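Written below as structure tokens is the structure these notes are about.
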Amino acid sequence: MNLPRFSVQKRATILTAMALCMLSGVNSFFKMSRREDPRIVIRTCYILTRWPGASATKVEQLVTDPLEKAAGEIDEVKEMVSESKTGLSVIYISLEDDVWDVDQVWDKLRARVERSRGELPQGAGTPIVDTDFDDVYAVCLALYQTPPPGKDKIERPYTPREMEILADRIEDELKEIESVAKVKKHGVQPEVVYLDVDSADWGQISLTPKELGNILEARNIVAPGGEVDTELGRFSVKPTGEFEAVPELDEVVVGLREEKIPIRLGDLEIAASRRYEDPPTTLVRYGDTEVPGAPAILIAASMKDGRNIIDMGEEIDRRVRELRASELPADVALVKVNDLPRQVDEKIDEFVENLWEGMAIVVLIALVMIGWRPALIMASAIPLSIIGSLAVVALMGVELESCSIASLIIALGMLVDNAIVVSDNAVRLMGEGVPRVEAAWRGAQELAIPILTSTLTTVAAFLPMILIPGNLGEYIRSLPIVVSVTLLASFFAAMTVTPLMCALLLKPKKVDPEKKGKSFIVRGYKALVAWCIAHRMVTLGGAAAALAGALALLQVIGSQFFPPGYRDQCFVHIWLPEGSSIAATDRTAKEVEEILRKKSAKDGKERMVSSITFVGSGGPRLFLASSPEQTVPNYAYIVVNTSGPEVTSDWVEELRAEVSKIPGARIDVRRYDLGPGLKNPVEWRLSGEDAQVLRAKAAEMVQTFREVPGTVNPYDDWKNAGYQIEVDVDEEAASLAGVTNADVADAMNGLLSGAYLTTYREGDHSVEVLLRVRPEQRSRLEDLSRSYVNGRSGKVPLGSVARVKQTWEPAVIVRRDQVRAVTVGCQVAKGHLPNDVSTAVAEKLADFKKNLPSGMNLAEQGEMKETNKSQDDVYMALQIGIALIVLILIAQYNSFLKPFVIMMTVPLALVGAFLGLWVTGWPLGFMACLGIVSLAGVVVNNAIILIDFVETGVAAGQPLRQALVDAGVIRMRPIMLTSLTTIGGLFPLALAGGPLWEPMAWVMIYGLVFSTFLTLVVIPTVYCWFAETFRMKVA
279 MNLPRFSVQK RATILTAMAL CMLSGVNSFF KMSRREDPRI VIRTCYILTR
329 WPGASATKVE QLVTDPLEKA AGEIDEVKEM VSESKTGLSV IYISLEDDVW
379 DVDQVWDKLR ARVERSRGEL PQGAGTPIVD TDFDDVYAVC LALYQTPPPG
429 KDKIERPYTP REMEILADRI EDELKEIESV AKVKKHGVQP EVVYLDVDSA
479 DWGQISLTPK ELGNILEARN IVAPGGEVDT ELGRFSVKPT GEFEAVPELD
529 EVVVGLREEK IPIRLGDLEI AASRRYEDPP TTLVRYGDTE VPGAPAILIA
579 ASMKDGRNII DMGEEIDRRV RELRASELPA DVALVKVNDL PRQVDEKIDE
629 FVENLWEGMA IVVLIALVMI GWRPALIMAS AIPLSIIGSL AVVALMGVEL
679 ESCSIASLII ALGMLVDNAI VVSDNAVRLM GEGVPRVEAA WRGAQELAIP
729 ILTSTLTTVA AFLPMILIPG NLGEYIRSLP IVVSVTLLAS FFAAMTVTPL
779 MCALLLKPKK VDPEKKGKSF IVRGYKALVA WCIAHRMVTL GGAAAALAGA
829 LALLQVIGSQ FFPPGYRDQC FVHIWLPEGS SIAATDRTAK EVEEILRKKS
879 AKDGKERMVS SITFVGSGGP RLFLASSPEQ TVPNYAYIVV NTSGPEVTSD
929 WVEELRAEVS KIPGARIDVR RYDLGPGLKN PVEWRLSGED AQVLRAKAAE
979 MVQTFREVPG TVNPYDDWKN AGYQIEVDVD EEAASLAGVT NADVADAMNG
1029 LLSGAYLTTY REGDHSVEVL LRVRPEQRSR LEDLSRSYVN GRSGKVPLGS
1079 VARVKQTWEP AVIVRRDQVR AVTVGCQVAK GHLPNDVSTA VAEKLADFKK
1129 NLPSGMNLAE QGEMKETNKS QDDVYMALQI GIALIVLILI AQYNSFLKPF
1179 VIMMTVPLAL VGAFLGLWVT GWPLGFMACL GIVSLAGVVV NNAIILIDFV
1229 ETGVAAGQPL RQALVDAGVI RMRPIMLTSL TTIGGLFPLA LAGGPLWEPM
1279 AWVMIYGLVF STFLTLVVIP TVYCWFAETF RMKVA
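Residue numbers for the sequence shown follow the working numbering, so the first one is 279 and each next one is one higher.
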């Protein structure tokens, strides 16, 4: 079927189909889900198990080890990383990249963990398998108290419970929003009823914590009492007795004297007091340039899959406005501290603006070079191809996010190539006297196969990117899909709409035979090509030298996995030594907050908008690449919202210098991370079994890191060893007293951390009741020795059956795949590339590695490892793409030599690609590599059309060298035009695409510039060489 002729003859059919296609695309655009980044499958979870009071070594041996063995039995597990700390085991499980049904694997993991519970020691908690790693909390609201309107200070501080009630109301309101998936609160201070006992008095009481708990539970009954049938009907029986006030605890009967006089809890001098958890587990604080740091509760909301994050943000804003107006007191503030919907809206608007700008540049180039009629014909292909493709990609699960919109921008300049080639050929035919309508459809039909081939070769370059494994492949999945669908849509547009528009708009253009080919550009080009063909060895040698020079630039350019993000946020991580109290951590966090406020102003403008501090935890996951820390007292995390991404980078460097002056803490100030979210850009891992040797060697590595320029805050993840209180049980004395090791552990945990007795309830609010020794009696070792433990014959002093002592224990023991491993890592100073720093570290560690004891291994991690892996994946996609391109070319030409000639354009494009990175200052990163892969499909198009015209001329009787020159003259304008429109479409992305997309755009722009020129000169030379030397069949 002659599709171009049909399109010209059946105009109404084509116009109707085009309208329906456009309507479908517009409808898809408004219905597509919107989000910040592409959706990826999170193949990571963790197993958390608490064993209060146990040392890191005991946790490793008795908790981590059996759980690791259970998880290791699952075939889909790729890697396990465990951290054994005092009283805590955390095992991170990562699955293989080809696992898609992660829920099934997590169910299998839970079953294995449940089976291994019997192997865990008495006193260890139930292992928790947390698989909610992909929950990103897009909107975070800080609730805090402010001075009343017109006042300078707070008159009556609200209690934490009063603030919690307000936070509960906000939580309920957010949960009603249809697009909200989860709502979590951070910073709530739980109420506790403490029964503080005197250690000596408790030793004289014949009650154990478990017995006292049973008595209180029996009194504090909330169970149903059954049902009773009466003459009036069936009634439920509700026993009364639930505690209604804390003083009622004093009246609970816990025993009888000899005279059967009740002994009440209050008689035992056990003081019951209701207060807040002491010490607190976590603290949250809001701050800005005016608020020095107010206790706050953070309410965080995540989005359901497939929803529109912008719509969700607007609905949350509406609910917040209503709450402020009707329910929140005037002296309570509710402000956003993380606003992902706003960031997504701004990013999408920016990319859409880039898309419009690209369209305008493409059309303007066409207007200048070919006039308004051909430019209008070319422009008609843009909306049809882009909007029409949206209907298709939406069905394939593509959402509107940064990657998919950038893909449209990348495709923009290329999709008009087919329309340009068709309209230019139609103009040429009309100039030769062919009637307008016939020239319109012949212009497309004559080049249908070459255009289809060039389209398929471009698609073949992009499509293999879909095979890149893991989260990186999922991140860029929309790129090959969107570009491929859009380019295929542009081919159908070139075969249908473009001939129709040519028939409607083009007019015959008279060409003066005397002036044809006489312009100085044409004369100069003819002379250049003739000279190059005559001196082909010099020409090819020059091209080879240019390629060699470009490859040499790689040593200067450097490499980088992913660049730092461009965002109006930075993040501060604070670690104190293991064993530090949350109070000490809080003091350090306040010092950092003070630095933020003091260093905020620059040039009369504030750089800090607000901050939210989490002490004792890492808060919610604010973006996909982040991994919040577990709840530990020696860690704090500050999210700093800046006045704009342009100020963030320099301010981070200033803050790093300032916080380094704070003693006794490791403080990292970081920018927003693009890519997979590595803990440190530079890391080296040392593995072995001897913990003491590992720690000593790690200390040497940290010192080596410090000697390398560009390293910031080197450290090892085993941290410093610390003092641990060890209770050494005398087995013989304990046996005589009827005391077991479990009895000792229970007594220590209960009286020091607090033994759970029962729960006091107020409506739907629950308050735990805990028994513990008074604070002043648990601060010294001798106090512990005088505490009591339960035995068969009653309570005995702990000191009579055990010795309490301090020992120097590891703070944390890290294992990777069940082998002990310590990782030394660091951040990188501005002006240094992580891979360059890692290479310098490798040189320093060369002798260190040679002298390692037997059984120890040193391996590079961090960005260098990820860069090498990602480059291998990209090269795999490039190889597949080139193989597909060659296969398509062989199928068209039925020749092996002609595809080789055409593929010469690919290395020629590398000359411009590497030069472009060097000129613009970007390193060779993951996205730049994708740009090179993309070039492989784009640059061959010009050579395909050029060779088609060469063979047409030879078939018409022209000598080969004359046909080569004439084909170059005929194809010069469309080749230049298609290259310029592609460059024009990419230009806005290169200038304002951000650190992720700009390198890719510049690679393609510079690659096209150089390959276009070299294609017009080198390809004719190579073609002539192959035809005359190797007797390649010409036509």
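All C-beta atoms, glycine included, are put in the ideal place defined by N, C-alpha and C.
These figures come from a predicted structure and were not determined experimentally.
Assigned secondary structure, residue i (DSSP; H/G/I helix, E/B strand, else coil)
i	result
N616	strand
M296	helix
L326	strand
D412	coil
L561	strand
R1098	strand
M581	strand
K460	strand
M1314	The shown model of the chain, from 279 to 1313, leaves out residue 1314, and the question about it has no answer.
L730	helix
S701	helix
N305	helix
Q1149	helix
F901	coil
D1226	helix
D846	coil
S680	helix
L289	Looking at the sequence shown, residue 289 is not Leu but Arg. Looking at R289 - three-state DSSP - the assignment turns out to be helix.
P517	The predicted model places P517 with a pLDDT of 46, which falls under 50 and marks its position as unreliable, so this point remains unresolved.
A501	The pLDDT assigned to A501 is 45, lower than 50, so where the model puts this residue is not dependable; a value taken from the coordinates is nonetheless given after this. In this structure, A501 counts as coil in the three-state DSSP scheme.
Distance CB(residue i)-CB(residue j) smaller than 8 Å
i	j	result
P1277	A1206	yes
P1266	N632	yes
A867	T891	yes
P1053	G481	no
V1320	A579	Absent from the structure is residue 1320, since the part of the chain shown begins at 279 and ends at 1313.
S682	S762	no
G1215	A738	yes
A1343	L831	Residue 1343 lies beyond the stretch modelled for the chain, which goes from 279 to 1313, so this question has no answer here.
N1220	I1168	no
A828	F1178	no
Q1337	A1020	One cannot answer for residue 1337 here, as it falls past the ends of the chain, which runs 279 to 1313.
L373	K347	no
Buried/exposed call for residue i, threshold 16 Cβ in 10 Å
i	result
S484	exposed
I860	buried
P1131	exposed
R312	buried
Q1139	buried
Y1153	exposed
R512	The predicted position of R512 is uncertain, since its pLDDT is 45 and thus under 50; no value can be drawn from it.
T437	exposed
T1293	buried
R845	buried
T1299	buried
W1086	exposed
W1200	buried
N1172	exposed
Residue i: CB within 7 Å of a non-hydrogen atom of the ligand SAH
i	result
V816	Ligands displayed in this structure: none; no statement on the ligand SAH is therefore possible.
Any contact of the segment 877 to 896 with the segment 798 to 815, i.e. 3+ C-beta pairs under 8 Å?
Result no; under three Cβ-Cβ pairs closer than 8 Å.
Are at least three pairs of beta-carbons, each pair with one atom in the segment 397 to 412 and one in the segment 554 to 565, less than 8 Å apart?
Under the three-pair Cβ rule at 8 Å, the segment 397 to 412 does not count as touching the segment 554 to 565.
Runs of 4 residues minimum, wholly inside the segment 979 to 1037: which ones carry the alpha helix (DSSP H) assignment?
If one requires a minimum length of 4 residues, the alpha helix (DSSP H) runs lying completely within the segment 979 to 1037 are 1009 to 1015, 1019 to 1026, in chain order.
Please specify which runs of the alpha helix (DSSP H), each continuous and at least 4 residues long, are wholly inside the segment 1167 to 1204, giving them in chain order.
Listed in chain order, they are 1175 to 1181, 1183 to 1198.
Can we say the segment 644 to 662 touches the segment 687 to 703, given the rule of at least three CB pairs closer than 8 Å?
Segments in contact, yes.
Would the segment 1016 to 1027 and the segment 447 to 456 be scored as touching if the rule is three or more Cβ pairs under 8 Å?
Below 8 Å, too few C-beta pairs join the segment 1016 to 1027 and the segment 447 to 456 to call them touching: fewer than three.
Quick one: any contact between the segment 325 to 341 and the segment 383 to 401, if contact means 3 or more CB pairs under 8 Å?
The segment 325 to 341 vs the segment 383 to 401: in contact.
Using 8 Å as the cut-off, can you tell me whether the segment 292 to 306 makes contact with the segment 377 to 392, which would need three or more C-beta pairs spanning the two stretches below that distance?
Counting C-beta pairs with one atom in each stretch, the segment 292 to 306 and the segment 377 to 392 have fewer than three that are closer than 8 Å, which means they do not touch.
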